[in-house]
Structure formats: C-alpha cells, structure tokens
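Visitor:
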Amino acid sequence: MQMDQLVALCKRRGFLFQSSEIYGGLQGFWDYGPLGVELKRNVREAWWRDMVTSQDELEVPPGAPSTYEMTGLDCTIIMHPQVWKCSGHYDLFHDYMVDCRESKRRYRYDQIQGRWAESDGKRVFVATNVSGDEGLEETQRKALKFFNLRAKNADRLQWGGPLVCLTTVENLAEVLGPDAKEPGTLTEPREFNLMFKTIVGALGGEEDTAFLRPETAQGIFVNFKNVLDSTRVRVPFGIAQIGKSFRNEITPRNFTFRSREFEQMEIEFFCRPETSPDWYKYWRDRRFQWYIDLGLAGDRLRLRDHDPDELSHYSCGTADIEYAFPFLADGEFGELEGVAHRGDFDLRSHMEGKLVRQGDQLVVEENEHGQPRHRGSGKDLSYYDDQTKERFVPHVIEPSAGADRATLAFLCEAYNEDEVPDEKGKLTKRVFMKFHPRLAPIKAAVFPLVKKDGMPEVAKEIYRTLKPHLTAFYDEKGAVGRRYRRQDEVGTPFCITVDGQTMQDGTVTIRDRDTLEQWRVSKEDCLSELQQRLKA
RNA sequence: GCGGGUGUAGCUCAACGGUAGAGCCAUAGCCUUCCAAGCUAUUGACGAGGGUUCGACUCCCUUCACCCGCUCCA
C-alpha cells in the first residue's frame, strides 16, 4: 500500500485533515474529521473498556501473578512546574544543539567532547562525539590529519589537556567539528525547547512560566496518594489515563506518526517490588495481545525487548510494541507503545527530588551548594500494607500507548484493495477499509434497494431502531452497488438492504464488507444480529 | 535544521506572459429490483505574501505546507 493513497482516502472521506488547512496548515498538527473522530473514539473506548472498566478484580486473569484492581484518572494538561523538574523532563527537554555547516550534522552541545591541540603555533580544539579512550584515539588521529603530520611525528603535537566538554570552549571558531575538515564550522549553540511553554495568569511574566505536559504519566504519580486515600484500592493496582500531550518534535513527519499535539493512553501499575518482574511480563504480553485482537495480527506487528544498554537509567526492563508502518523503510518498525518497568523512580522523585544514577543507586541530584537540584514534594508517597504490616514505595510498570499512533496503525492495516465483479460481471478495483467491527466508525448502513415501492419507508424504520444502539447510516440515492462501495471505503462492516422480498416476507439482506456474502434475516432481528456479530 | 522535489476544483491531471480546461467525485432530477450503469443540469481551483510587467497561475524573491534523503527522536 502506498502511504499517499491512504492519506488521500483519509482526507477524501473525512478521517484526517491537516490542522488549520485553510491557512496553509501547521507542521505537526492534525485534525480528525467526522469519521476519524469516531474511529479514534472507538480506539480509546476499546482501550478503556478492556483495560479499566471490564477488569475483574475478583479473579486472577490468565498470566497475571494475582488479582488486581484498575481505576482511572483525568488530570490537567498544565501542572505545577516542579512536576517537570522532578520528573527530569525539564532538564532533559532543554537541550542545546550545535549544527555543523560543513557536515550538515547536528550534535547535542553537551555531548561533544574534545581537547586542545597545538602544533607550529597553531591551536585548535579537536572535537569528537565519542568519549573515553576511543575519544582520545579519535582526536589524536584527527589532529594529526589536520596538522598534516605523520604518526611518527606525533611529538610535534602538544595536547592542552584531557578530553573536556565543548561547553568549556568560548570561541567556537577554534573548534574542529567531529565530522569537519576545517575549524569554525559549528554554529552557536541553540536551545531546543521540547516542552511547550505557556504563561499562567493574565499578567504572568517569566516567573509564571508553566508547561504543557509532555506525557500524561506524571499526573498519575502526583495523584498517587489521592487515589489511595479516596478509593480503598490496594496494591497491586493500576491507574489509567487518556489525554493530550505536547512535544515540540524537531522533525514532525510521516502523517500523524510524530505529531506535536498527540494523545496518550497510559497505565501506571503499582505493585510490590519483588513481584514487579512478573507484572512487567504480564503487561507486556497483555498489551501486545490487545493489538492483535483488534486486527494488527501478522508480521507487521512485533514485540521488541530493549537491549540492556538501551534501557533508561532507572529501568530494569522495557519492551516496545511496534508496527511496520508503510512510510518506513523495509524492515523498519515504528513504536506504538512502550511497556516499561520503572522501579520506584517516579514516586521517589516526587518525594525526594530529581534523581540521578550514582553507581547502582538512584540519589537526589545536587546543585553546587550541596542542595537538591530540584526539590521534591516532601510528601510521603510510600504504601503501607496493613496485611503484612510493611511499608514500601511501590514499583511501577508503565504501559504507555499512543492513541494517534494506534489509530494510524489501524488505518494502515485496514486499507485493502481487491477486485469484484460489477453488474456486467467485469472485475473492477475495490478499496475497502477492513476495520475490526469494534473500531469501525459506522457499524451498519441501511439501504432501500430502490427508492420506491415502499422500500424507503421500511428501511428508515430499521435505521431508526438501530440508531440508538450503534452508529448507523441511511442512504437511498443512486444504484445500490455504488452505495455498497462507498461504505466499503469507510469500513462499514455490514449493509442492510430492503428489497422486493422484504415486502413479501419481512426479511432483509445483510451484506458482509469483506466477503460480500449476503444472508437474510427478519427485519425485526437486524439489531440483535448486528450486535452479536459486532462483538466478534 | 540541511539538501532535493512538489503545491491548479473534494480527488487525478492539463494548459498558457493575455477570458484557467477535462475526467472522476459530489449535489438535484429522470431512470434503475443487489455491487462504482445511463441521461440532464449544477456547485467548484491557480498554497500565502511581495516584486518585475500594460498585464503573472506562468518569471523572480520571501514564506507556509507536504513528500524523499540526512539530522533528531527526549
């Protein structure tokens, strides 16, 4: 499938539009049209129903270490700025970057190292983006080449010290970039604000700066105690939240895949530290199965465990659920959801302050005065188990899904073309969206075969009995084959047609979108027949 | 952020330094008894802003957006 065909269909049939399109659009922002909003709503509702409201806390689910409870939350997009300082986002999301005019590469300002080299009175800072002994070798090699010296003449090269960070260099004109042949090709460092800034209060100044959340998860952590105190939930339990998040993506690309405003579906699952590895496995497999059950089966979906060196400093296990989007190169996958074991990092951060790794410990990061770099809330977020009489900080498993990415994957997976015979028996191309019935924006269309002989009246009656229970669509215009095709293109799984026989025996035909098969049911049984099949 | 490409009707595509055409779709009507039929009519566009010119959709500049490659991906 070509991505542009899907993009064209999404626009043509009202799934997705570019935001602010009449003004030329805005990079990284997308709107859901009349059908898209139904599709995405169905994705969200399937997730909420399957993860939260239908969770049976009285029975141990298959694969789970024990019973557990699920509850929900809906917190604000703008939170106290300290939330983002303690979570680590504030520091991480304010990267300074330098560009190289020669190599066209971009580097994190604080990740470039180098050392001063001098030869024949010329002095230059030789930079590299590798560190340690490799960095020493690399800079040695580069310096020799730059000064046009042979290895045996290495003694004509004087080093001004060990590897130091580029941030210590005042004049970037003296810097030989990591991939450059001449010095002075690096631009001045520029700040990348990856969190959206905003101002709280009508007269707000710089000190009233707040941020639009870059993830929904932190709202769950800061409400952890509220949920505990108000609901009688007991560990192990999960808190779920669906909501918008905002990130200033450097390169928004690939349709809605990397949007700057996007929606997340996140669970923070709290459990005893010693059971956390089992819960991690449970959630990883459970979330993977969810996508399969909704139609993303096959080679295009995969579960990928992160390599140990890929893990965040606080994590003892992370897996990505990935989909081979058509806009990616062959063999490449894009992330739909990350399932992470986060230990007690988040709750501790909001208790004690921003944490950093020191050896195999997480400790509060300190500033130059020996005080916390970002002070925590000071509130006790530990949990008291009154059965075992123990107090502990729960460990957290975080399945974090992208609602827009899931929706996009379902759209990509649904796109199908086949050939069906027209009224003369000639094969013609058909485009149909093979949505899982739970996700289809329109569940059923109702047609009179022709617009006369009392058929429209019967069809309208059926339409009205369906409408309170499911999204239905009525159409009496033009040839019935055309109406079928239109519904195929928006993925309506079932079409009900009132024909001549209906007037005799009260039965109607139901047509299946994928197989084109038709069968007859009594017009009174339409609703129950559909409800039964939509559950499948 | 860099390099390359693209931007004309809802979609696909024309044309021209001098009145922007077509097909499909859509809408209305006729016809039509199961998979995009036919006939008639109708709506509808030069991404935005400057400049050159008597006159710009066309040439130039700027900008916005999309696509491809690089970079980035917290």
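352 is the number of the first residue of the first sequence in the numbering used here; add one for each residue after it.
Each residue gets a CB set at the ideal place from its N, CA and C atoms; glycine is no exception.
Across the region 780 to 788 and the region 839 to 855, are there enough close Cβ pairs to call them in contact, namely three or more that are closer than 8 Å?
Guide: yes
Visitor: Which residues share a DSSP beta bridge with A689?
Guide: Numbered from 1 along the first sequence, position 338 holds the residue referred to as residue 689. Strictly speaking, residue 689 in this sequence is Gly, with Ala absent from that position. DSSP output for G689 lists D671, S751 as bridge partner(s).
Visitor: By Cβ distance below 8 Å, which residues in the same chain neighbour E525 in space, the five residues on each side in sequence not counted?
Guide: Position 174 of the first sequence holds residue 525. For E525, where only same-chain residues beyond five positions count, the Cβ hits under 8 Å are R474, V475, F476, P534, G535.
Visitor: Is it true that the CB of A752 sits closer than 8 Å to the CB of E688?
Guide: In the first sequence, residue 688 corresponds to position 337, counting from 1. In the first sequence, residue 752 corresponds to position 401, counting from 1. Yes, the Cβ-Cβ distance between E688 and A752 is below 8 Å.
Visitor: Report yes or no: do three or more beta-carbon pairs, one from the region 429 to 444 and one from the region 611 to 624, lie closer than 8 Å?
Guide: no
Visitor: Which residues bound the beta strand (DSSP E) around Y374?
Guide: Residue mapping note: residue 374 aligns to position 23 of the first sequence, counting from 1. First-last for Y374: undefined, no H or E at that position.
Visitor: When you compare only the Cα positions, how much space is there between T902 and D636?
Guide: The first residue shown for the chain is 352 and the last is 887, placing residue 902 beyond what the model contains.
Visitor: Does the Cβ-Cβ distance between A892 and M402 come in under 8 Å?
Guide: This structure cannot settle anything about residue 892, because the visible part of the chain is limited to 352 through 887.
Visitor: Report buried or exposed for V797, applying the criterion of at least 16 other Cβ atoms within 10 angstroms of its Cβ.
Guide: Here residue 797 corresponds to residue number 446 of the first sequence, with the count starting at 1. By the 10 Å Cβ count, V797 comes out buried.
Visitor: When we look at the beta-carbon of G764 and count the other beta-carbons within 10 Å, is it buried (16 or more) or exposed?
Guide: Here residue 764 corresponds to residue number 413 of the first sequence, with the count starting at 1. Reading off the sequence shown, one finds Glu at residue 764, where the question assumed Gly. Its Cβ being crowded by 16 or more others within 10 Å, E764 is buried.
Visitor: Taking the runs of the beta strand (DSSP E) that are 3 residues or longer, which of them lie wholly in the region 400 to 445?
Guide: 420 to 423
Visitor: Give the single residue among E614, A691, V578, R598 whose Cα lies nearest to the Cα of Y631.
Guide: The sequence position of residue 631 within the first sequence is 280, counting from 1. For the residues E614, A691, V578, R598, the minimum Cα distance to Y631 belongs to A691.
Visitor: Strictly by DSSP, which residues pair up with T549?
Guide: On the first sequence, residue 549 is found 198 positions in, with the first residue counted as 1. In the DSSP assignment, the residues bridged to T549 are A561.
Visitor: By DSSP, does A359 sit in helix, in strand, or in coil?
Guide: Within the first sequence, residue 359 is the residue found at index 8, counting from 1. Helix, per DSSP.
Visitor: Look at R611 and G379 and say whether their C-beta atoms are less than 8 Å apart.
Guide: Indexing the first sequence from 1 puts residue 611 at position 260. Indexing the first sequence from 1 puts residue 379 at position 28. Cβ atoms of R611 and G379: closer than 8 Å.
Visitor: Please list the segments of the beta strand (DSSP E) lying wholly inside the region 574 to 646, counting only runs of 3 or more residues, in order along the chain.
Guide: 588 to 597, 612 to 622
Visitor: Between E920 and R655, what straight-line distance do the alpha-carbon atoms span, to the nearest angstrom?
Guide: Residue 920 cannot be examined here, being either before or after the span of the chain that is shown, 352 to 887.
Visitor: Check the C-beta distance from L888 over to F608 and give it rounded, since I have them as a contact under 8 Å.
Guide: Outside the modelled stretch of the chain, which goes from 352 to 887, sits residue 888, for which no answer is possible.
Visitor: Who pairs with A468 in a beta bridge, going by DSSP?
Guide: On the first sequence, position 117 is the one that residue 468 refers to. According to DSSP, which records beta bridges pairwise, A468 is partnered with V475, W510.
Visitor: In whole angstroms, give me the CA-to-CA distance for L326 and A754.
Guide: This structure cannot speak to residue 326, because the chain is shown only from 352 to 887.
Visitor: Measure the C-alpha to C-alpha separation of C361 and E410 and round it to an integer number of angstroms.
Guide: Translated into positions along the first sequence, residue 361 becomes position 10. Translated into positions along the first sequence, residue 410 becomes position 59. One C-alpha to the other measures close to 42 Å.
Visitor: Can you tell me where the alpha helix (DSSP H) with D839 in it begins and where it stops?
Guide: Looking up residue 839 in the first sequence gives position 488. Run containing D839: 831 to 841, per the alpha helix (DSSP H) assignment.
Visitor: Judging by CA-CA distance, which residue of R834, R653, I748 is the nearest neighbour of D773?
Guide: Locating residue 773 in the first sequence gives position 422, counting from the first residue. Taking D773 as reference, the option from R834, R653, I748 with the minimal CA-CA separation is R834.
Visitor: Please state whether the Cβ-Cβ distance between F696 and G685 is less than 8 Å.
Guide: Locating residue 696 in the first sequence gives position 345, counting from the first residue. Locating residue 685 in the first sequence gives position 334, counting from the first residue. The answer is no: Cβ separation not under 8 Å.
Visitor: Helix, strand or coil: how does DSSP classify R756 here?
Guide: Counting from one through the first sequence, the residue named residue 756 turns up at place 405. In this structure, R756 counts as helix in the three-state DSSP scheme.
Visitor: Is the region 821 to 830 in contact with the region 792 to 808, if contact means three or more CB pairs nearer than 8 Å?
Guide: yes
Visitor: For the pair the region 357 to 371 and the region 381 to 389, tell me if three or more CB-CB distances fall below 8 Å.
Guide: yes
Visitor: Here's a check: name, in chain order, each residue in its chain whose Cβ is nearer than 6 Å to the Cβ of Q869, leaving out the five neighbours to either side.
Guide: Taking the first residue of the first sequence as 1, we reach residue 869 at position 518. Cβ within range, chain order: T860, R862.
Visitor: Can you tell me which residues form a DSSP beta bridge with I861?
Guide: Position 510 of the first sequence, counted from the start, is the residue given in the question as residue 861. For I861, which the question treats as bridged, DSSP gives the partners I847, W870.
Visitor: Just the Cα atoms here: how many angstroms apart are F743 and G555?
Guide: Taking the first residue of the first sequence as 1, we reach residue 743 at position 392. Taking the first residue of the first sequence as 1, we reach residue 555 at position 204. Cα to Cα, the separation comes out at about 40 Å.
Visitor: How many whole angstroms separate the CB atoms of T518 and Y458, which I take to be in contact at a CB cut-off of 8 Å?
Guide: For the purposes of this step, residue 518 is taken as residue 167 along the first sequence, with counting starting at 1. For the purposes of this step, residue 458 is taken as residue 107 along the first sequence, with counting starting at 1. Contact flag wrong, Cβ pair sits at about 12 Å.
Visitor: In or out: Q464 buried (at least 16 other Cβ within 10 Å) or exposed?
Guide: Along the first sequence, read from residue 1 onward, the residue named residue 464 stands at position 113. With 16 or more Cβ atoms within 10 Å of its Cβ, Q464 is classed as buried.
Visitor: Using a 10 Å radius around the Cβ and a threshold of 16 neighbouring Cβ atoms, would you call S371 buried or exposed?
Guide: Position 20 of the first sequence, counting from 1, holds the residue named residue 371. S371 should be labelled exposed.
Visitor: On a CA-only basis, which of E389, R395, G376, D530 is nearest Y642? Give me that one, please.
Guide: Counting from 1 along the first sequence, the entry for residue 642 is found at position 291. Out of E389, R395, G376, D530, R395 has the C-alpha closest to the C-alpha of Y642.
Visitor: If you drop the 5 nearest sequence neighbours on each side, which residues of the same chain put their C-beta closer than 7 Å to that of R507?
Guide: What you label residue 507 is simply residue 156 of the first sequence in a count that begins at 1. Cβ within range, chain order: S470, L500.
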